[in-house]
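As structure tokens, the structure follows; a few thoughts come after it.
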Amino acid sequence: MKLEESKIIEHNQDLINLHQAKLSFAKTIIPDHETIISKLIDFQIAIPSWALGNGGTRFGRFPGGGEPRNLEEKIEDAGLIHQLNRSGNAISLHIPWDIPKDYQAIKSHAEAHGLRFDAMNSNTFQDQKDQKESYKYGSLQHVNPAVRKQAIDHNIEVIRHGIKLGSKSLTVWLADGSCFPGQLNFRQAFQNTLESLKEIYAALPDDWKMFVEYKAYEPNFYSTTVGDWGQSLLYASKLGPKAYTLVDLGHHLPNANIEQIVSLLLMEGKLGGFHFNDSKYGDDDLTAGSIKPYQLFLIFNELIDGMDERKMNHATGLAWMIDASHNIKDPLEDLLQSVEAIMIAYAQALTVDRKTLKEAQQNNDVVRAQEILQNSFRTDIRPLVAEARLRAGGALDPIALFRKLNVREELIRERGRETIASGL
Ligand code: PSV
Ligand code: MN
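As structure tokens, this is what we get:
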């Protein structure tokens, strides 16, 4: 399903007066607003194919209806989000859930929706039907070389799918670890994983990147073989220049200082990608910015600081993606909210007066430093975010338009109420 462009124009006309009033006030209090708007227009966040349906929890799943039934429909849904906000021009696929039947046709379908293919994701955390070896006790870390080989081959196959789609990166997230003390020899698990990753790395095309995603726990509850940023950085450093750490916001132990992690990874030139979501307790996969918006802002503050230091392009220097799951919200509305929260945090961080902040830091003026950050966080930047959307051809209020056009009802009519998105 595609929206008629005239509906977006009509919607914007209805809201334009109020928007202009808010914008002109924002412009009076935010210096450099034109630069911020143009950076916001450039900034794009990839949508994961597995977040377009209702994920549920291990206790139950409550389908919302009209969920995408195949890769084509997942692309259409990601395209819808992009049409509404013009900030999500890429989709990230998970193999084997999203294996295309016809690569050229899928590529053209994505192009027709203004999308390209972001990082490819492998899956060695589940056993697939007819799979020879089981991943019950790990994949790349496994004590049995046959299991490791199967997992390595799978990752290489994922790279091949990605090459045909024009993707440029592979994200490896491993569920590998142990549930009980004594189950695993930590050093052997690390070495096995490293050797396996080296074989995958060797299959990467020259212009590709490999992202090593870490996670503190779950599904293993005693140890995880890529459990934190230190371990991920070790793998990435040992692998070589095409390997980077990927930070998923939900993959830390409670109260971890993620902004500091981000800052140091950037300093080392080893931060590669991001999975945005939010959490209260663990890997809750909630809407970005819904629980800890100040943390999201502080993370962006470090991202901008570190990227500017290395002269990196904000839009293209790192792989930006949402990785969330929706239990009770409409997935498309939830993703629209996430993108909005990310854009707001990015825009707020762009307003930080870095020169004065540096002076405050040099003078140990703690109060001033806090004032600078909180001033940026508490300034209502939303009119600039809306203006960027408007100029890029999106809707001033994407969720309001999504509801007004009865998009979900239309999708249910087209696809049915009981559909299940392939994958999670
Ligand atoms: C694991 O929790 C994770 O964050 C990884 O990125 C996976 O690939 C994704 O979720 C989907 O299972
Ligand atoms: Mn993730």
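Quick note on the numbering used here: the sequence shown kicks off at 1020 and runs consecutively. Glycine included, every Cβ here is placed at the ideal spot set by N, Cα and C. Quick caveat: nothing in here was measured; it's all calculated off a predicted structure.
query, result
"Kindly say whether Leu1290, judged by its beta-carbon, lies nearer than 7 angstroms to any beta-carbon of chain C.", "No chain C appears in the structure shown, which is made up of a single protein chain."
"Note down, one range per segment and in chain order, each beta strand (DSSP E) of at least 3 residues found wholly within the stretch 1154 to 1212.", "1188 to 1192"
"What are the boundary residues of the alpha helix (DSSP H) that Glu1365 is part of?", "For clarity, residue 1365 is Tyr in the given sequence; the question names Glu instead. Start and end: Pro1350 to Leu1369."
"Identify, in the order they occur along the chain, each residue of the same chain with its Cβ nearer than 6 angstroms to the Cβ of Leu1420, setting aside the five sequence neighbours on each side.", "His1030 and Ala1414"
"Quick check: the Cα distance between Ser1043 and Asp1247, rounded to an integer number of angstroms?", "45 angstroms"
"Note the first and the last residue of the continuous alpha helix (DSSP H) segment covering Met1326.", "Pro1312 to Glu1328"
"Just to confirm, are Ala1379 and Arg1387 a CB contact at a threshold of 7 angstroms?", "yes"
"Whole angstroms is fine: what's the gap from Val990's alpha carbon to Arg1434's?", "Past the boundaries of the shown model lies residue 990; the chain is included only from 1020 to 1443, so the question cannot be answered."
"Classify Ser1127: buried if its beta carbon has 16 or more other beta carbons within 10 angstroms, exposed otherwise.", "exposed"
"Closer than 5 angstroms between the C-beta and any heavy atom of ligand 2: which residues qualify, listed along the chain?", "Asp1267, His1294 and Asp1342"
"Which first and last residues belong to the alpha helix (DSSP H) in which Asn1031 is found?", "Glu1024 to Ile1048"
"Would the beta-carbon of Phe1295 fall within 7 angstroms of that of Gln1367?", "no"
"Pull up the distance between the alpha-carbon of Ala1045 and that of Arg1410, whole angstroms please.", "16 angstroms"
"So His1173 and Ser1153 are in contact, right, with Cβ under 8 angstroms, and what is the actual spacing, rounded?", "Not quite, the Cβ-Cβ distance comes to about 13 angstroms (not below 8 angstroms), so this is no contact."
"Considering only the alpha carbon of each residue, which of Leu1037, Gly1269 and Asp1033 lies closest to Arg1401?", "Leu1037"
"Hey, would you say the C-beta of Trp1227 is under 6 angstroms away from at least one heavy atom of ligand 1?", "no"
"From Asp1195 to His1270, what distance separates their C-alpha atoms?", "14 angstroms"
"Smallest Cα separation from Leu1216: which of Val1281, Ile1118, Asn1204 and Thr1244?", "Thr1244"
"Determine the burial state of Thr1370: buried for a count of at least 16 other Cβ atoms within 10 Å of its Cβ, exposed for fewer.", "buried"
"Apart from the five residues just before and just after Lys1058, which ones in its own chain have a Cβ nearer than 7 angstroms to its Cβ?", "His1333 and Leu1369"
"What do you reckon, is the C-beta of Asn1425 under 6 angstroms from a heavy atom of ligand 1?", "no"
"If you measure from the CB of Trp1339, is any heavy atom of ligand 1 nearer than 6 angstroms?", "no"
"Can you tell me where the alpha helix (DSSP H) holding Glu1429 begins and where it ends?", "Val1426 to Arg1434"
"Please list the terminal residues of the continuous alpha helix (DSSP H) segment that includes Ala1065.", "Run containing Ala1065: none; DSSP gives neither H nor E here."
"Once you ignore the five residues that flank Tyr1236 on each side, which residues in its own chain have a CB closer than 7 angstroms to its CB?", "Thr1243"
"Considering only DSSP beta bridges, list what Ala1109 is partnered with.", "Arg1135"
"Within a Cβ cutoff of 8 angstroms, which residues of the same chain sit near Ile1318, ignoring the five residues on either side of it in sequence?", "Leu1268, Ile1277, Glu1278, Val1281 and Ala1364"
"Can you give the Cα-Cα distance for Thr1438 and Arg1432, rounded to whole angstroms?", "11 angstroms"
"Just checking my contact of Ile1444 with Ala1407 at CB under 8 angstroms: how many whole Å lie between their CB atoms?", "This structure cannot settle anything about residue 1444, because the visible part of the chain is limited to 1020 through 1443."
"Hey, would you say Leu1252 sits closer than 7 angstroms to Lys1289, going by beta carbons?", "yes"
"Counting Cβ pairs, one atom from each stretch, are 3 or more of them under 8 angstroms apart for the stretch 1083 to 1099 and the stretch 1347 to 1355?", "yes"
"Under DSSP, the alpha helix (DSSP H) around His1101 begins and ends at which residues?", "Leu1090 to Asn1104"
"Have a look at the DSSP bridge pairing and note the partners of His1294.", "Asp1267 and Met1340"
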